Amino acid sequence: MKNEIYTVLELAEKLGVSDRTIADALRSGEMKGYKQFKKWYVTHEQLLDFLATNQEENQENAKRPNVKIDK
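To convert, note that position 67 of the sequence shown is 77 in the numbering used here; the numbers rise steadily by one, no gaps.
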């Protein structure tokens, strides 16, 4: 197990998203982390939990039929 701790900018770069996306996920509670001196930090374990949760949600969404509604 890694004992690595990531900043918002590091996670954004690692995941290929904006730092705003990471910050929003942390503020909303979608991603777990902790705030220290006004900066967010995420442990490697918290990152893995987030990725696993999102993978499960994506698999569930893929199972739903794509339905078009004509107006």
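Where is the CB? At the ideal position from N, CA and C, for every residue including glycine. Since the model is a prediction, treat every value here as computed from it, not as a measurement.
Paired residues, beta bridge with Ile15 - DSSP: Thr53
Local Cβ density within 10 Å of Phe47, reported as buried at 16 or more and exposed below that: exposed
Given Val85 as reference, the closest of Leu58, Lys49, Glu40, Ser38 once Cα atoms are compared: Nothing about residue 85 can be read from this structure; the chain reaches only from 11 to 81.
Consult DSSP for Lys45 and reduce its assignment to one of helix, strand or coil. strand
Would you mind stating whether Leu54 and Glu14 have Cβ atoms separated by less than 7 Å? Checking the sequence shown, residue 54 turns out to be His, not Leu. Yes, the pair counts as a contact, with Cβ atoms nearer than the cut-off.
Apply the 10 Å Cβ neighbour rule to Leu36 and answer buried if 16 or more other Cβ atoms are within range, or exposed otherwise. buried
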